[in-house]
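J.: Dumping the structure here so I can ask a few things about it.
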Amino acid sequence: MSSYGSPSPSRSSSPSPASASPPPPAPPPPCGVPLFPPLRVRGGSGHRLRRAVWRQRRAMAAGLALTAAALAASGLGGGGSGGDDGAGGGHGGAEATGAAAERASPQDRLVSAPVRIADAETVRLLRPGDRVDVVAAGTAGADGRVLAEGARVDRVPSAPAGASVESGALIVLSVPRSTAAALTGAGTSAGLAVILC
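See the structure below:
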């Protein structure tokens, strides 16, 4: 029975597993990382975004081109091609008038001429940009004569606080220089009237 209770000699004499394994290998010596250009991934989400923005820009440019063509065809673009006699018309008259004035001779350049109209109530009907004919009232038995045809109204100044209706009203017309001289001379000697064109 003693053989059962004693430990076996073969188990106690075996070597331990930790002392029998070889040492781990040494790490490799340090080395540098080679230089290389950055990687660019094609077909990513950035490329799709750029394509979408590019398409949107093209659509917007096409829309603006169609709008410009429609405005040019309707005459609202202000290019001076509204069927007037070259003095500009409608909304873009100031730019067209300035360009035409630079090319014209000194006598044909447009100037602003203040003109006193005999009928103040008629002047209240005028707005800047309107076209008018200016007529000098004739003396007894004589017909009136047209001093300016198709003159553009630049400004309609408001009447002073104490002004009477009998003294007339002042307007500023855009006319050629020679016509402005005739209007000024006739305005001092005869009453002037306007006809809305």
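Residue numbering for the sequence shown follows this note's numbering, starting at -9 and increasing by one per position.
A virtual CB, placed ideally from N, CA and C, is assigned to each residue, including glycine.
In this text, all values refer to a predicted model and were calculated from it rather than measured experimentally.
(1) Assign Asp75 to buried or exposed, taking buried as 16 or more other Cβ atoms, counted over all protein chains shown, within 10 Å of its Cβ.
(2) Could you check the C-alpha separation between Gly70 and Pro150 for me, to the nearest Å?
(3) For the alpha helix (DSSP H) that contains Val113, what are its first and last residues?
(4) From Gly22 to Ala16, what distance separates their C-alpha atoms?
(5) Hey, would you say Val165 sits closer than 7 angstroms to Ala103, going by beta carbons?
(6) Specify, as a first and last residue, the run of the beta strand (DSSP E) that Arg121 falls within.
(7) Can you tell me where the beta strand (DSSP E) holding Arg145 begins and where it ends?
(8) Does the stretch 98 to 112 come close enough to the stretch 156 to 176 that 3 or more CB-CB pairs lie under 8 angstroms?
(9) Using the three-state DSSP reduction, which class does Val43 fall into: helix, strand or coil?
(10) Under the rule that 16 or more other beta-carbon atoms within 10 Å means buried, what is Ala126, buried or exposed?
(11) Can you tell me where the beta strand (DSSP E) holding Ala183 begins and where it ends?
(12) When you compare only the Cα positions, how much space is there between Leu61 and Gly177?
(13) Tell me, which residues are paired with Pro166 by DSSP?
(14) Assuming Asp120 contacts Glu139 (C-beta within less than 8 angstroms), just tell me the rounded distance between them.
(15) By how many angstroms is the C-alpha of Thr112 removed from the C-alpha of Val184?
(16) When DSSP labels each residue in this structure, what does Leu160 get in the three-state scheme?
(17) Could you tell me which residues DSSP pairs with Val105 in its beta bridges?
(18) May I ask you to report which of helix, strand or coil DSSP gives Leu54?
(19) Between the alpha carbons of Ala49 and Val31, how many angstroms are there, rounded?
T.: Judging by the given coordinates:
(1) The predicted position of Asp75 is uncertain, since its pLDDT is 46 and thus under 50; a value taken from the coordinates is nonetheless stated next. Flag for Asp75 reads exposed.
(2) Here Gly70 scores only 47 on pLDDT, less than 50, and its place in the model should not be relied on; the value that follows carries that caveat. So the two alpha carbons sit approximately 35 angstroms from each other.
(3) In the DSSP assignment, Val113 falls within the alpha helix (DSSP H) that extends over Ala110 to Val113.
(4) 19 angstroms
(5) yes
(6) Arg121 to Ala126
(7) Arg135 to Arg145
(8) yes
(9) helix
(10) buried
(11) Taken as a continuous stretch (DSSP letters only), the beta strand (DSSP E) holding Ala183 covers Leu182 to Leu186.
(12) Take the alpha-carbon of Leu61 and the one of Gly177: they are about 40 angstroms apart.
(13) Leu100
(14) In fact, because the Cβ distance is near 14 angstroms, the residues do not count as touching under 8 angstroms.
(15) Each residue's alpha carbon lies about 8 angstroms from the other.
(16) strand
(17) Ile161
(18) In the three-state DSSP reduction, Leu54 falls in the helix class (H, G or I).
(19) 28 angstroms
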